[in-house]
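Asks: Dropping a structure here in structure tokens format, bear with me for questions.
Residue numbers (my numbering), protein chains in the order written: chain A, 28 to 62; chain B, 2 to 250.
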């Protein structure tokens, strides 16, 4: 893998994980406040 | 007088702690803070990415690989920061039976675990091209792995009891015991010979990182802090709504 590949893999992994955390939190919140 | 100030300070902190022991008052405040955190997180993370990729120079030795630092280091800061706040909340919960403090530790744990995982994986992706290996069992890497296990252990432990309060208390003791790992992480690079480099930004002698590399680090750190604020507020509101539902049903 090239150096750019390592950089993109690192940023890609980080932001996918953060997006999943945010999506899970929003989903759980919506489910909790649903009547 | 210093003594007078510290007493006033303690009174203010206690007033703050008791004011937000009321979940309804907290939920109202969280309603205002969620959009603010979301905006700050979006703006500062975008700025951080722009500076990380376009405004900061490649390193004279590492080339472009150094750009991994701008996600790896702020994630590591978050991993430790969240753990310390959880331990403080656990202490507040165990001593004063502060409901929100107990809920906070539960809400923050998965986010802390996520940042620790990001720190470990981005570090590994940085280690392969620079050190020639994905992983070494040196003191810094191992102590951060222990931090990840502490988060995972806490998440498993708090839900392992039929009585929720017993789970919360057991988790609180685990958090307090595990806090010893934080100075071990911080000073591991000084106490032992490690492949991992020593601290560059937060150190007594001042930052040793070049000025051109500080803005992306700081922007990303602020963006991550605001992101954490956003997610933890959402998770706290979720937990409060869930408990209210349970009481009413």
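All C-beta atoms, glycine included, are put in the ideal place defined by N, C-alpha and C.
Values in this document were obtained by computation on a predicted structure and should not be read as measured data.
Locate the alpha helix (DSSP H) running through residue 132 of chain B, then write down its first and last residues.
Replies: Start and end: 100-132.
Asks: If you pair each beta-carbon of the segment 210-221 of chain B with each one of the segment 49-58 of chain B, do three or more pairs fall below 8 Å?
Replies: yes
Asks: In whole angstroms, what is the alpha-carbon distance linking residue 13 of chain B and residue 193 of chain B?
Replies: 41 Å
Asks: Please confirm whether residue 276 of chain B and residue 123 of chain B have their CB atoms less than 8 Å apart.
Replies: There is no way to answer for residue 276 of chain B, as the model of chain B reaches only from 2 to 250.
Asks: Helix, strand or coil for residue 173 of chain B, going by three-state DSSP, please let me know.
Replies: helix
Asks: Determine, using beta carbons only, whether residue 126 of chain B comes closer than 8 Å to chain A.
Replies: yes
Asks: Cβ closer than 7 Å: which chain B residues qualify as neighbours of residue 41 of chain A?
Replies: Within chain B, the residues near residue 41 of chain A are 72, 76, 119 and 123.
Asks: Measuring only between beta-carbons, confirm whether residue 46 of chain A sits less than 8 Å from chain B.
Replies: no
Asks: Could you tell me whether the Cβ atoms of residue 107 of chain B and residue 9 of chain B are closer together than 8 Å?
Replies: no
Asks: What number of angstroms, rounded off, separates the C-alpha of residue 30 of chain A from the C-alpha of residue 40 of chain A?
Replies: Linking residue 30 of chain A to residue 40 of chain A through their CA atoms gives a straight-line distance of about 16 Å.
Asks: Give the DSSP-derived three-state secondary structure of residue 64 of chain B in the structure shown.
Replies: strand
Asks: Just to confirm my understanding: we take residue 61 of chain B, look at its own chain, exclude 5 residues before and 5 after, and list those with CB closer than 6 Å. What are they?
Replies: none
Asks: Please list the terminal residues of the continuous alpha helix (DSSP H) segment that includes residue 45 of chain B.
Replies: 24-51
Asks: Taking only runs of the alpha helix (DSSP H) that begin and end inside the segment 161-235 of chain B, which ones reach a length of at least 4 residues, in chain order?
Replies: Runs of the alpha helix (DSSP H) inside the segment 161-235 of chain B: 165-179 and 182-192.
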